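Just add 115 to the spot in the sequence shown (first one is 1) and you have the working numbering. Structure first, commentary second.
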Amino acid sequence: MTIKIITDGCSDLPDGLAEELNISVVPLSVHFGEDCYSSEIDREFFYKRMSEEAELPKTSSPSPNEFLIRFKEAIKEKKDVLVLSCTSKISSTYHHAVMAKEMLEEEGEHGQKIEVLDSKTASVGLGLLAVYAANWSKSGFHINELLAKMKQQIEETKTLFALDTLENVIKGGRLDKLKGKVASVLNIKLVMCANNEGAIEVVEKIRGTQKALKRLIDKVGETWQQSDKKIIAVAHSNCEVRAKEFIDELMSRYPYERVIMTNIGPVIGTYAGEGGIVIAF
């Protein structure tokens, strides 16, 4: 029996891939003042609107009821469910999915298993996990087997990113304004990661965009020999040409069988700003 894989709009899955793999994506909401949009908003429009606004947009998690609707749809199809959510360190999505599971249990026995996992990552880190889960689900894994395999995969998956601008992390209060200005003047770029707990932290401060991107590739190399993974995911915040050049350099050194490339959505894009690169492997 195929297991229904559900993730959220923070996964930044590229157009068509979620549909191809039958992954259900529950969107978040993006608010520019009183204007509210789905996290599936056109990326070009989002970045343009963000550049025109004095304040950063706000994002909000899907309600428990939105997950409950997806759960009931899967139950009608006699499918078990595995939810992979954005890290609970930056979003309440995980907790809302758990609440939906509890609401369903209160309604009575339904015969299917619902499991919710905190991915401890975001953007293409979450998207990559959803792709693995969907592929393994089609291979005939039982829900308990898939759950165990995904717990291990969450621990092994690495998500790193390099920011080209500090403007948004300063606006969002994630970086002291004075320190941010000094770093910007010195052309300092942040290389960051999702740590083992799912929190976002600075790994290194590097002078210059190209050196920061090279450092991301070096980080891939640190585990390349021990890795049996076939897929790497790369996301960019509205800088497709830079992302393609980055992928060419990456693949020349570490030839993965498949690269998933996508544009970063509103949830992470709000803090990353334009010009950023995220990788997950």
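Backbone N, C-alpha and C define an ideal beta-carbon position, used for all residues, glycine too. A quick note: this is a predicted structure, and the numbers were derived from the prediction, not measured.
Worksheet entry | Among 310, 262, 302, 267, nearest to residue 274 - alpha-carbon criterion | Here residue 274 refers to the residue found at position 159 of the sequence shown. Residue 274 has its Cα closest to that of 310, out of 310, 262, 302, 267.
Fill in: Which of helix, strand or coil DSSP assigns to residue 283
Position 168 of the sequence shown, counting from 1, holds the residue named residue 283. It is helical.
Discussion item. Tell me the residue span of the beta strand (DSSP E) that contains residue 362.
Written reply: Counting from one through the sequence shown, the residue named residue 362 turns up at place 247. Not the beta strand (DSSP E): residue 362 falls in the alpha helix (DSSP H), residues 355 to 368.
Fill in: Reduced DSSP secondary structure (H/G/I, E/B, other) of residue 371
Position 256 of the sequence shown, counted from the first residue, corresponds to residue 371. It is coil, neither helix nor strand.
Practice prompt. Thinking residue 202 and residue 243 are a contact (beta carbons under 8 Å), I'd like their distance in whole angstroms, please.
Written response: Reading the sequence shown from its first residue, position 87 is the one you call residue 202. Reading the sequence shown from its first residue, position 128 is the one you call residue 243. No, residue 202 and residue 243 are not in contact; Cβ-Cβ is about 14 Å, not under 8 Å.
Worksheet entry | Segments assigned beta strand (DSSP E), at least 3 residues, entirely inside the segment 209 to 294 | 229 to 233, 274 to 278
Worksheet item: Around the Cβ of residue 293, are there at least 16 other Cβ atoms within 10 angstroms (buried) or fewer (exposed)?
Response: Position 178 of the sequence shown, counting from 1, holds the residue named residue 293. Confidence is the limiting factor: at residue 293 the pLDDT is only 44, short of 50, which leaves the residue's position unreliable, though a coordinate-based value still follows. With fewer than 16 other Cβ atoms within 10 Å, it is exposed.
Item to complete: Could you check if residue 186 is buried or exposed, using at least 16 other CB atoms within 10 Å of its CB as the buried criterion?
Response: By 1-based counting over the sequence shown, the position of residue 186 is 71. Its Cβ being crowded by 16 or more others within 10 Å, residue 186 is buried.
Discussion item. Only counting the same chain, and skipping five residues up and downstream in sequence, which positions put a Cβ closer than 6 Å to that of residue 394?
Written reply: Within the sequence shown, numbered from 1, the residue matching residue 394 stands at position 279. Answer for residue 394: 275, 331, 349, listed in chain order.
Item to complete: Please determine if the segment 141 to 151 and the segment 252 to 266 are in contact, where contact requires at least 3 C-beta pairs separated by less than 8 Å.
Response: no
Fill in: Runs of alpha helix (DSSP H) lying entirely within the segment 151 to 201, each at least 4 residues, in chain order
158 to 167, 179 to 191
Discussion item. Within 10 Å of its beta-carbon, does residue 125 have 16 or more other beta-carbons around it, so buried, or fewer, so exposed?
Written reply: Position 10 of the sequence shown, counting from 1, holds the residue named residue 125. Burial call: buried.
Worksheet entry | Inter-residue CB distance, residue 196 and residue 121 (contact presumed, cutoff 8 Å) | The sequence position of residue 196 within the sequence shown is 81, counting from 1. The sequence position of residue 121 within the sequence shown is 6, counting from 1. Yes, residue 196 and residue 121 are in contact; Cβ-Cβ is about 6 Å, under 8 Å.
Discussion item. Using a Cβ distance threshold of 8 Å, determine whether the segment 174 to 191 contacts the segment 203 to 210, with at least three qualifying pairs required.
Written reply: yes
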